[in-house]
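For reference, the structure discussed in these notes is given below.
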Amino acid sequence: MEVFNKVKQTCDQTAEHIKTQAQHTERLIKEEFEKLHQFLREEEEARIGALREEEEQKSQMMRKKIEELIRQISSLSDTIRATEEELRSEDISFLQNYKATIERAQVTLPDPQLVSGALVDVAKHLGNLPFRVWEKMQRIVKYTPVILDPNTAHPLYTLSDDLTSVRLSEEPQQLPDNPERFDYYRFVLGSEGFTSGTHSWDVEGGHNAGTLIKPPNPLGLCEVVPAAPSTGTPLSLCLD
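Mapping to the working numbering: the sequence shown position 234 is 234, numbers consecutive.
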């Protein structure tokens, strides 16, 4: 009976811890996605801003071209109107101004030219857009080859939110006594193990004496070993 009651108590603690884990994990997921959303919003604003800037520049260039054409058309219209009026003249003034009239009628303007590159460079703004955004996104995200499993950590160990580092607590955490957890040896498992090959990692030892997490062995075990005072230089650890 006592055994059943003990197991039930552990199950009750586990059920509560599941809720706490889910809430904590959901909050962290939302925070991580918010970082990505913020990056995408800023990237969208920057690219739309560049598009609008190009639109304004090329619209202004086209307005100037249209204004120039309007002036040339107006000048030609004035010349044609004046020449027609003089040709309709019935007095001797036409003969007197004949030479000037002919010269004015022969005035020519260069043919108007269409502006090259006047359109928005759509290919520049849309070409491979998702890939280029993803490529830029890699600057704000990082990949960590070794992820620790919080469900296996000794109660004295507190893992970072991204599960890449661990610190020793002064007091043990109130955690369920699940079968995967180390409660005697100060160990924590990596989330994935290796069965073959050579694997190495750079581990930041910090600036003070403390402990280091040894990378997963072929069983996926990360062992805590004493660390000498460090200057902050990463330590290279390797397992065969």
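Don't be surprised by glycine CBs; every beta carbon is placed ideally from N, CA and C.
Query: Along the beta strand (DSSP E) that carries residue 163, what are the first and last residues, could you check?; Result: It is not in any beta strand (DSSP E) - residue 163 carries neither H nor E in the DSSP assignment.
Query: Please tell me whether residue 152 and residue 180 are closer than 8 Å, where the distance is taken between their beta carbons.; Result: yes
Query: Buried or exposed: which applies to residue 28, given that a residue is buried once 16 or more other Cβ atoms fall within 10 Å of its Cβ?; Result: exposed
Query: Is residue 190 buried or exposed, if buried means 16 or more other CB atoms sit within 10 Å of its CB?; Result: buried
Query: Taking the alpha carbon of residue 168 as the reference point, which residue from 85, 156 and 161 has its own alpha carbon closest?; Result: 156
Query: Please determine, among 128, 178 and 124, the residue with the shortest C-alpha to C-alpha distance to residue 149.; Result: 178
Query: Residue 33 to residue 170, Cα distance in whole Å?; Result: 33 Å
Query: To the nearest angstrom, how far is the alpha carbon of residue 176 from that of residue 184?; Result: 14 Å
Query: Considering residue 187, what are the terminal residues of the beta strand (DSSP E) in which it resides?; Result: 187-189
Query: So the candidates are 39, 115 and 166; which of them puts its Cα closest to the Cα of residue 241?; Result: Here the chain comprises residues numbered 1 to 240, so residue 241 is not present and cannot be evaluated.
Query: Between the region 6-17 and the region 110-127, do at least 3 Cβ pairs fall closer than 8 Å?; Result: no
Query: What residue range is occupied by the uninterrupted alpha helix (DSSP H) comprising residue 155?; Result: Element bounds for residue 155: n/a, residue is neither H nor E.
Query: Which residues in the same chain as residue 19 place their Cβ atom closer than 8 Å to its Cβ, once the five residues preceding and following it in sequence are excluded?; Result: none
Query: Drop a sphere of 10 angstroms on the beta-carbon of residue 24, count the other beta-carbons inside from all chains shown, and report buried for 16 or more, exposed for fewer.; Result: exposed
Query: Tell me which same chain residues have a C-beta within less than 6 Å of the C-beta of residue 173, skipping the five on either side of it?; Result: 155
Query: CB-CB under 6 Å to residue 164, same chain, minus the five flanking residues each way: which ones, in chain order?; Result: 144
Query: What are the residues that DSSP puts in a beta bridge with residue 81?; Result: According to DSSP, residue 81 bridges with nothing at all.
Query: Expressed to the nearest angstrom, what Euclidean distance is found between the alpha-carbon atoms of residue 182 and residue 160?; Result: 18 Å
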